[in-house]
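As they're listed, the protein sequences go chains A and B. Just so we're aligned: 251 in the numbering used here is position 251 of the first sequence, and the numbers increase by one with no gaps anywhere. Just so we're aligned: 119 in the numbering used here is position 119 of the second sequence, and the numbers increase by one with no gaps anywhere. Down below is the structure, laid out as structure tokens.
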Amino acid sequence: MGAFENSAMYRPRRGPRRRGGLSSALAPVLAGVAGGLLIMSLLDPGALAPARSLLVEAIAPVITASARAWQPVARTFGLEPVSPRLGSDAARIAALEMRLADVERENADLKQLARFVRATRSATVSARILMMSASPLAQTVLVNAGRSQGVKGGFPVVAGDGLFGRVLQAHSDHASIMLLSDRQSRVPVAIGPREARAVLVGTGGPQPKLEFLAAAQQIAAGDLVTTSGLGGVYPRGLAVGVVVADGQGVRVELTAGRADPLAVTILMLEAGALEPAESGTGKPERTQRQAAAAGLPVKPQSMQPVSSREPTP
Amino acid sequence: MRHLGADDSNAEPVLAVLARGWGWLWPLASVAGLVLFALAPRGEPHDPLTPAALLPLLALHYWTVRAGAAAPFILAFSAGLASDVVSHGPVGLWALVDVAAVALSAWLAPLARRGLLAHLAVAVVMLAAAGLALSLTVAAAALEAPRLAPAFMACAGAAFLYPALAAVLFAATPPASGSMRPGKLPAGGWP
Chain A
1 MGAFENSAMY RPRRGPRRRG GLSSALAPVL AGVAGGLLIM SLLDPGALAP
51 ARSLLVEAIA PVITASARAW QPVARTFGLE PVSPRLGSDA ARIAALEMRL
101 ADVERENADL KQLARFVRAT RSATVSARIL MMSASPLAQT VLVNAGRSQG
151 VKGGFPVVAG DGLFGRVLQA HSDHASIMLL SDRQSRVPVA IGPREARAVL
201 VGTGGPQPKL EFLAAAQQIA AGDLVTTSGL GGVYPRGLAV GVVVADGQGV
251 RVELTAGRAD PLAVTILMLE AGALEPAESG TGKPERTQRQ AAAAGLPVKP
301 QSMQPVSSRE PTP
Chain B
1 MRHLGADDSN AEPVLAVLAR GWGWLWPLAS VAGLVLFALA PRGEPHDPLT
51 PAALLPLLAL HYWTVRAGAA APFILAFSAG LASDVVSHGP VGLWALVDVA
101 AVALSAWLAP LARRGLLAHL AVAVVMLAAA GLALSLTVAA AALEAPRLAP
151 AFMACAGAAF LYPALAAVLF AATPPASGSM RPGKLPAGGW P
């Protein structure tokens, strides 16, 4: 122990030590600059958006290279999030593909019968998660799809079995995605078989809470929560999670949160391009949730795709 | 063709130059690498405050105690700013916490140099202060009551990682003048 303590690790460095002058002046200056930026960023989050985008694009090669280098390391040491349900997911996807083929055939027959003319196809973009937020005030991820793939701010994002968030800012080849758990996230939702309306509000934790839930609305733990389509940002019927009750109110266990996703699917749907949700209280169709689970847009007749770009691997 | 080491009198300056270059690069590379590691996707995407998020802070603390000069402040500010920008969080949060933590480390550096236990104790104090600062800043920004438990859990996890991290940083610090003994900063020190 004594020899270790006398090693170079703890021995003061030889040579002139330039502490005091420059360092004592730098600390308050840099702290002041950081504090000023923090206040400016909190007062007007959009004020620094162009500078942020420029910085992300400037360090994009480093981010991409480090993400590529990280994959084998994470795989080797078991640090990469892997869904324990991958096996069952594969079987479920295979079943969904068969069902999809049936539905497509049926759809084609019905279109022919109704003389339906389809203008464009809906589109999605698959993207890999490169970075996750390290800020306690932001639950975001950075993915490797951006404006060059047609991604725009506001596009809904799904992962695993359900809604994951929405595109916060699209950079040139990357995009920042705000998760449902982010404090700024607000999603109009419908709950349970009666489609009780509420707003899912991010809390910064893994379980967002339900607000603006009318007292007369009856919901129970375990009820499915889906997007209501109100507000025009998210299409109606995307799976969000299930209701859980704790001492702090009614919360939602996110469906996408259980998967520890490595990849997400961005739905190319402009905010405001969706038709208003129906005001009925009918039971959400299971096919909608299945379509959402497979990363496909639901209620295709109500969507206005903005691009015909095919999903990119 | 001459080989390095064939003539020690000529090889030593070459090694010293290489060591000096690595001595400048290694602190920067280690902090930058740990910032990228902290942002790498792993585990729950909804829980950003993990021990891994505090690793850059620990490296900054190590270099502040070792080198104790102006550069750790610039490095702390840059690392925090990069983390804030990529995280898409409020710009300046990590930069402010990192600079404040490095200032505390610089103030306590003479105490940390007294021995292993003192070094670890100062690291724990710095982490606790950083966790408290982070919790209070987040609470003020989000207009909610401070949630100290998650921050201190992350700090406790990071404190357990610090000896291993410090050992790696120490072992990879280049020799000062061509000797192969690790752990010495280049002659003239880090800026």
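We put the CB at the ideal spot given by N, CA and C, even for glycine.
Proximity of residue i and residue j at Cβ, strictly below 9 Å
{"i": "LEU127 of chain B", "j": "MET131 of chain A", "result": "no"}
{"i": "ALA60 of chain B", "j": "VAL14 of chain B", "result": "First, the amino acid is wrong: residue 60 of chain B is Leu here, not Ala. Going by C-beta atoms, LEU60 of chain B is not nearer than 9 Å to VAL14 of chain B."}
{"i": "GLN139 of chain A", "j": "LEU179 of chain A", "result": "yes"}
{"i": "ALA112 of chain B", "j": "HIS119 of chain B", "result": "yes"}
{"i": "VAL91 of chain B", "j": "LEU200 of chain A", "result": "no"}
{"i": "LEU168 of chain A", "j": "GLY153 of chain A", "result": "yes"}
{"i": "LEU36 of chain B", "j": "PRO150 of chain B", "result": "no"}
{"i": "ARG147 of chain B", "j": "ALA156 of chain B", "result": "no"}
{"i": "GLY162 of chain A", "j": "LEU238 of chain A", "result": "yes"}
{"i": "ALA95 of chain B", "j": "GLY80 of chain B", "result": "yes"}
{"i": "ALA159 of chain B", "j": "ALA123 of chain B", "result": "yes"}
{"i": "PHE73 of chain B", "j": "LEU30 of chain A", "result": "yes"}
{"i": "ALA164 of chain B", "j": "TRP26 of chain B", "result": "no"}
{"i": "PRO188 of chain A", "j": "LEU230 of chain A", "result": "yes"}
{"i": "TYR62 of chain B", "j": "ALA166 of chain B", "result": "yes"}
{"i": "ASP173 of chain A", "j": "ASN144 of chain A", "result": "yes"}
{"i": "LEU93 of chain B", "j": "LEU58 of chain B", "result": "no"}
Local conformation of residue i per DSSP, three classes
{"i": "GLY231 of chain A", "result": "coil"}
{"i": "VAL91 of chain B", "result": "coil"}
{"i": "ALA277 of chain A", "result": "In this prediction, ALA277 of chain A has a pLDDT of 41, which is less than 50 and means its spatial position is unreliable; what the coordinates show is noted afterwards. Correct three-state label for ALA277 of chain A: coil."}
{"i": "LEU58 of chain B", "result": "helix"}
{"i": "LEU269 of chain A", "result": "strand"}
{"i": "VAL243 of chain A", "result": "strand"}
{"i": "GLN149 of chain A", "result": "helix"}
{"i": "ARG92 of chain A", "result": "helix"}
{"i": "THR64 of chain B", "result": "helix"}
{"i": "ARG20 of chain B", "result": "helix"}
{"i": "LEU210 of chain A", "result": "strand"}
{"i": "ALA263 of chain A", "result": "strand"}
{"i": "ARG186 of chain A", "result": "strand"}
{"i": "PRO50 of chain A", "result": "helix"}
{"i": "LEU137 of chain A", "result": "coil"}
{"i": "ALA221 of chain A", "result": "coil"}
Span of the alpha helix (DSSP H), counted from its first residue to its last, around residue i
{"i": "ARG75 of chain A", "result": "60-77"}
{"i": "GLY249 of chain A", "result": "Element bounds for GLY249 of chain A: not the alpha helix (DSSP H) but the beta strand (DSSP E), 249-254."}
{"i": "SER135 of chain B", "result": "116-142"}
{"i": "LEU130 of chain A", "result": "Element bounds for LEU130 of chain A: not the alpha helix (DSSP H) but the beta strand (DSSP E), 124-132."}
{"i": "MET153 of chain B", "result": "148-171"}
Proximity to residue i [Cα-Cα], best of the options
{"i": "VAL85 of chain B", "options": "A:ARG99, A:LEU142, A:LEU100 and A:PHE77", "result": "A:LEU142"}
{"i": "GLY160 of chain A", "options": "A:VAL103, A:ILE129, A:LYS152 and A:ASP173", "result": "A:ILE129"}
{"i": "VAL233 of chain A", "options": "A:ALA263, A:VAL250, A:LYS209 and A:LEU267", "result": "A:LEU267"}
{"i": "ILE59 of chain A", "options": "B:ALA82, B:ALA67 and B:ALA59", "result": "B:ALA82"}
{"i": "GLU144 of chain B", "options": "B:PRO150, B:LEU136 and B:ALA151", "result": "B:LEU136"}
{"i": "PRO41 of chain B", "options": "A:ILE63, A:SER228, A:ALA27 and A:LEU30", "result": "A:ILE63"}
{"i": "VAL250 of chain A", "options": "A:GLY231, A:THR227, A:SER228 and A:GLN217", "result": "A:GLN217"}
{"i": "ALA263 of chain A", "options": "A:LYS209, A:SER185, A:ALA127 and A:SER176", "result": "A:ALA127"}
{"i": "ASP223 of chain A", "options": "A:GLY205, A:VAL242 and A:GLY231", "result": "A:VAL242"}
{"i": "VAL240 of chain A", "options": "A:VAL225, A:ALA198, A:ALA190 and A:ALA31", "result": "A:VAL225"}
{"i": "PHE155 of chain A", "options": "A:THR76, A:ASP182 and A:ALA175", "result": "A:ALA175"}
{"i": "ALA134 of chain A", "options": "B:THR173, B:VAL65, B:ALA166 and B:LEU34", "result": "B:LEU34"}
{"i": "ARG186 of chain A", "options": "A:PRO193, A:ARG68, A:SER148 and A:GLY204", "result": "A:GLY204"}
{"i": "THR124 of chain A", "options": "A:GLN149, A:ILE93 and A:GLN184", "result": "A:GLN149"}
{"i": "ILE219 of chain A", "options": "A:PRO235, A:GLY202 and A:ILE191", "result": "A:ILE191"}
{"i": "PHE170 of chain B", "options": "B:PRO51, B:VAL65 and B:ALA16", "result": "B:VAL65"}
{"i": "VAL99 of chain B", "options": "A:LEU43, A:ARG92 and A:ALA34", "result": "A:ALA34"}
{"i": "LEU132 of chain B", "options": "B:PHE152, B:LEU117, B:ALA142 and B:ALA121", "result": "B:PHE152"}
{"i": "SER181 of chain A", "options": "A:LEU137, A:ALA25, A:GLY32 and A:PRO72", "result": "A:LEU137"}
{"i": "VAL244 of chain A", "options": "A:ARG183, A:PRO208 and A:ALA65", "result": "A:PRO208"}
Delimiting residues of the beta strand (DSSP E) encompassing residue i
{"i": "THR140 of chain A", "result": "140-143"}
{"i": "ALA175 of chain A", "result": "175-179"}
{"i": "GLU195 of chain A", "result": "Taken as a continuous stretch (DSSP letters only), GLU195 of chain A belongs to no beta strand (DSSP E), as it is neither H nor E."}
{"i": "ARG166 of chain A", "result": "162-170"}
{"i": "PRO156 of chain A", "result": "156-159"}
### Query
Can at least three beta-carbon pairs, one atom from the region 103-111 of chain A and one from the region 39-51 of chain A, be found at a separation below 8 Å?
No, because fewer than three Cβ pairs between the region 103-111 of chain A and the region 39-51 of chain A fall closer than 8 Å, the two stretches do not touch.
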